[in-house]
Amino acid sequence: MLPCIRPDLAEFAAYSAHPAASLDPEPAIIDSLDTNECAYDLPEALKDKLAFAYQQAIASNRYPDGSHGALKAAIAIYVNESAALRDITAAHISVGNGSDELIRSLLIATCVGRSGAILVADPTFSMYGILATTLGIPVVHVPRDDNTFAVDVDAAQAAIQASEQPVRVVFMVHPNSPTANALTDTELAWLKQLPTDVLVVIDEAYFEFSQQTTVSEMLTRPNWVVTRTFSKAFRLAAHRVGYSIASPEVTQVLEKVRLPYNLPSLSYRAAQIALAHRQDLLAIITEVLGERDRLHTAMAQLPHFRLWPSDANFVYGRPAGDPAVLFQALRRLGTNVRHTGGGLRITIGTPAENQRTLDHLQQALQQTLTAAGPLGS
Ligand SMILES: *Cc1c(COP(=O)(O)O)cnc(C)c1O
């Protein structure tokens, strides 16, 4: 490693959502059910609108609108609608190049340049830990209950007290990824009593599926931030648009630390179009949830596979045997899922994909159980 590079980054692995090795033979159909996107592309009419906007209204030699004014105003209207509120304005919104950028901005705003750690409850979204590590910020890990995946709030409280560096941010996904459970009243009560020297970040990436939001908490709690994304229900993963909802005070700080022109003009326009057509786009949620429940009911019948309830557009389960073996068996059959947290996280896809998920899971469980003995362990 070059001496000018931080030695701790030498052994650090870059984020990779998809397994790198290719298969021989490659399955004829590969279902990408590992990153929780919506299974449907933007409708053609909206793609045409976006293409038209690119041709007519976007000057590619000019920088984008770096203030995000019109987009923030449209997001504020949607957030009010989604939380049955009227209080959210553009001053509460910051827009990022994916919500990943906002997570990094929050880390910069709280911990960089002074002592400070973050707290996460495992298993959870890996980007908090990855982004913190790249910035040299220590990560305090606390466990979840093995049966319910509820955060052990006593352990979390004790970890905050015992942390060598002050814990300045607690990150919670609502509902959690990969385990698909929404925050409970106990977890929310614990988060609400945290003092203002701890920033509470609620990642509502799956809000449109759960319809559970904590935005109203932010109005009375200056240390409360909600993040959301256009990458999941709004079908814009390719465009990298996320946003935060926080007090004007916190929002102003996020605006200070973000990169200028962080949102490309085409992505900006895509988010505006998606919001303008949100009723049409979000109508798909009913189908996704119906498919999820159908798949969940069928998967729950499978032997040697434990499945948890889901408040999101994915399900989480653990086999009696080695999840890595099951994961590979599914891959060979053409169903790509996420192997994480000691189990498998499976995105709800189209009805045809979900049927293949079910068939492949059944086959893969059979194969791995026969290979490894009746309990597969
Ligand atoms: C998918 C996801 C996001 C979205 O990240 P983007 O950078 O906006 O694409 C954020 N948080 C969680 C927990 C997610 O699963």
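Under this note's numbering, the sequence shown has 72 at position 51, and the numbering climbs by one with no breaks.
The beta-carbon is built from N, C-alpha and C at its ideal position, and this holds for glycine as well.
For Y84, there is no enclosing alpha helix (DSSP H), as DSSP gives it neither H nor E. Between S237 and L106, the C-beta gap is smaller than 8 angstroms, which places the two residues in contact.
With contacts defined by Cβ atoms closer than 8 angstroms, N202 and T145 do not form a contacting pair. Non-local beta-carbon contacts of L302 in its own chain, meaning distances under 7 angstroms to residues more than five positions away in sequence, involve F255, R256 and A295 in chain order.
With a beta-carbon spacing of about 7 angstroms, V247 and S265 fall inside the 8 angstroms limit used to define contacts.
Contact fails between the segment 316-325 and the segment 343-354, because fewer than three Cβ pairs, one in each stretch, are under 8 angstroms apart. Between ligand 1 and F146, a heavy atom-to-CB distance of less than 7 angstroms is present.
Ligand 1 has no heavy atom closer than 7 angstroms to the beta-carbon of N283. Rounded to whole angstroms, the gap between the alpha carbons of Q383 and S81 is 50 angstroms. Residue pairing from DSSP places F192 in a beta bridge opposite V222. Every residue whose Cβ sits closer than 5 angstroms to any heavy atom of ligand 1 is listed here in chain order: G119, S120, D121, F146, V194, S198, D224, A226, T250, S252 and G263. Its chain contains I109, T110, A111 and I114 as the residues whose beta carbon lies nearer than 6 angstroms to that of A97, once the 5 sequence neighbours on both sides are disregarded; these appear in chain order. Here S115 carries a strand assignment [DSSP, helix/strand/coil]. A straight line joining the alpha-carbon of T307 with that of H298 spans about 16 angstroms. The continuous beta strand (DSSP E) containing W245 extends over residues W245 to T250. Checking the DSSP bridge columns, you'll see Y264 partnered with V116 and R249. Residue L390 holds the alpha-carbon nearest to the alpha-carbon of A341 among D143, T207, T217 and L390. The straight-line gap separating the alpha-carbon atoms of L365 and T200 is approximately 9 angstroms.
Beta-carbon to beta-carbon, I158 and I139 are separated by about 6 angstroms, close enough to satisfy the 8 angstroms threshold. Within the DSSP secondary-structure output, D52 pairs in a beta bridge with T356.
The count of Cβ pairs closer than 8 angstroms, one atom from the segment 371-381 and one from the segment 307-318, reaches three, so the stretches are in contact. For a cut-off of 8 angstroms, the C-beta gap from R189 to G137 is around 4 angstroms, short enough to register as a contact.
Taken in chain order, the unbroken stretches of beta strand (DSSP E) that lie wholly in the segment 312-345 and span 3 residues or more are 326-328 and 335-340. Residue environment: M22 is assigned as exposed (fewer than 16 neighbouring CB atoms within 10 Å of its CB, all protein chains considered).
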